[in-house]
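Residue numbers (the UniProt record's numbering): 1 to 379.
First up is the structure itself, then whatever we jot down about it.
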């Protein structure tokens, strides 16, 4: 694209002023706005600051040199590689972090990118690809970006000891470990249309894949679902459930409302802690217990943990029953955390920023040392 001064079109010369200074030539007017001018005497190319297209590739010049690294222009970021070439329509790793660039060279930022293979990636406000982390959109929906950046979709995953069943769009529901099974070592496992080997094969899955157990039938046959699309029956000897299964034989004397509260609470496992949040997508500690009691028993608790600590009937630790509220005071005097007792020294709670609703033991060092009191809401 560059031309020697001697080759510049004569018509163009007529529109410019020619000034000789110390044996060199400079052009003023239309020609001065060109990308470069050749000095006839020393045969060097003088580049104007800004973008320059060379052989179909874009470069950016500063002080007569190709710029490298990051460039911000018109509130958009661009990256110029080690040879100065602008990154375009590609993935690029910069200092170990992956970025995606439009054909125009602009960096993706705070937006989804759909790759050719149908995989979605979330590009954060910094432009960095999200990886091994959760992302919450403006509507409150949560998505999991796996190591490597791919959005979890049509699969079952265990994340921070919680099981999630992701649908095609990336949204999810949490699952109890007893409802998830892994396919044992085998060539492949046939999924059949009914609970015996006499039924037709409707599909197959490979070793290591996860299945959701929908129904436990007779003769050790389980009805399962794979990848939210394939449903059928498999023999239980070929799969291993990931948690212990208990029949629903709740004591009839247990208040049904207490059980409803516990069931609601368990369904929130895996949802993130957000200060001030009351559900349904996220919770703080007292927002979580308030939500469980409101949804499970239509009981409105005080909003903050220290006020919940005065609600209901005080009980001793030795008399705890499922459904009781358990309180903690990290300074020994003022309640600053609350959870819901489940029995067997277990309680469910929304712990702290960066963590999710989970089940912990009252007998663990931290919670045992900071245990403060308990209240019974439903007598």
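Yeah, the Cβ is synthetic: ideal placement off N, Cα and C, and Gly gets one too.
heavy atom of the ligand COA below 7 Å from residue i C-beta
i, result
"residue 369", "In the structure on display, the ligand COA does not appear, and there are no ligands present to speak of."
Residue of the options minimising C-alpha distance to residue i
i, options, result
"residue 106", "93, 118, 72, 341", "72"
"residue 156", "173, 142, 375, 293", "173"
"residue 341", "307, 293, 352", "293"
"residue 65", "77, 238, 84, 209", "84"
"residue 148", "97, 125, 361", "97"
"residue 160", "171, 153, 144", "144"
"residue 233", "242, 219, 243", "219"
"residue 375", "344, 357, 302", "302"
"residue 265", "371, 179, 283, 367", "283"
"residue 128", "370, 311, 165, 79", "79"
"residue 336", "186, 221, 373, 120", "373"
"residue 379", "258, 231, 62", "258"
"residue 210", "164, 169, 192, 196", "164"
"residue 120", "171, 279, 230", "171"
"residue 305", "271, 316, 349, 297", "349"
"residue 295", "74, 99, 268, 316", "268"
"residue 81", "57, 75, 63, 288", "57"
"residue 193", "186, 187, 201", "201"
"residue 310", "330, 318, 334", "334"
"residue 358", "289, 67, 317, 299", "289"
"residue 308", "324, 298, 317, 319", "324"
"residue 54", "68, 86, 75", "86"
"residue 371", "215, 130, 328", "328"
Status (buried if at least 16 other CB within 10 Å, exposed otherwise) for residue i
i, result
"residue 338", "buried"
"residue 377", "buried"
"residue 140", "exposed"
"residue 252", "Summary for residue 252: the model assigns pLDDT 38, below 50, so the residue's position carries little reliability; its value from the coordinates is reported in the next sentence. Exposed, because fewer than 16 other Cβ atoms sit within 10 Å of the Cβ of residue 252."
"residue 93", "exposed"
"residue 243", "exposed"
"residue 181", "buried"
"residue 212", "buried"
"residue 118", "exposed"
"residue 362", "buried"
"residue 70", "exposed"
"residue 332", "exposed"
"residue 369", "exposed"
"residue 365", "exposed"
"residue 356", "buried"
C-alpha distance - residue i paired with residue j, whole-angstrom precision
i, j, result
"residue 137", "residue 167", "16 Å"
"residue 313", "residue 285", "20 Å"
"residue 321", "residue 176", "22 Å"
"residue 226", "residue 206", "11 Å"
"residue 77", "residue 275", "33 Å"
"residue 190", "residue 208", "14 Å"
"residue 326", "residue 263", "17 Å"
"residue 199", "residue 345", "45 Å"
"residue 235", "residue 270", "30 Å"
"residue 414", "residue 239", "The structure shown does not extend to residue 414, since the chain spans only 1 to 379, so no value can be given for it."
"residue 162", "residue 367", "20 Å"
"residue 89", "residue 115", "11 Å"
"residue 261", "residue 278", "15 Å"
"residue 91", "residue 100", "5 Å"
"residue 125", "residue 111", "8 Å"
Endpoints, beta strand (DSSP E) assigned at residue i
i, result
"residue 357", "Where residue 357 is concerned, there is no enclosing beta strand (DSSP E), given that its DSSP letter is neither H nor E."
"residue 235", "230–235"
"residue 52", "50–54"
"residue 76", "76–80"
"residue 191", "189–192"
"residue 181", "180–183"
N- and C-terminal bounds of the alpha helix (DSSP H) containing residue i
i, result
"residue 259", "256–266"
"residue 292", "285–297"
"residue 242", "Premise fails: residue 242 is in no alpha helix (DSSP H) and is neither H nor E."
"residue 307", "305–308"
"residue 273", "Run containing residue 273: none; DSSP gives neither H nor E here."
"residue 367", "365–370"
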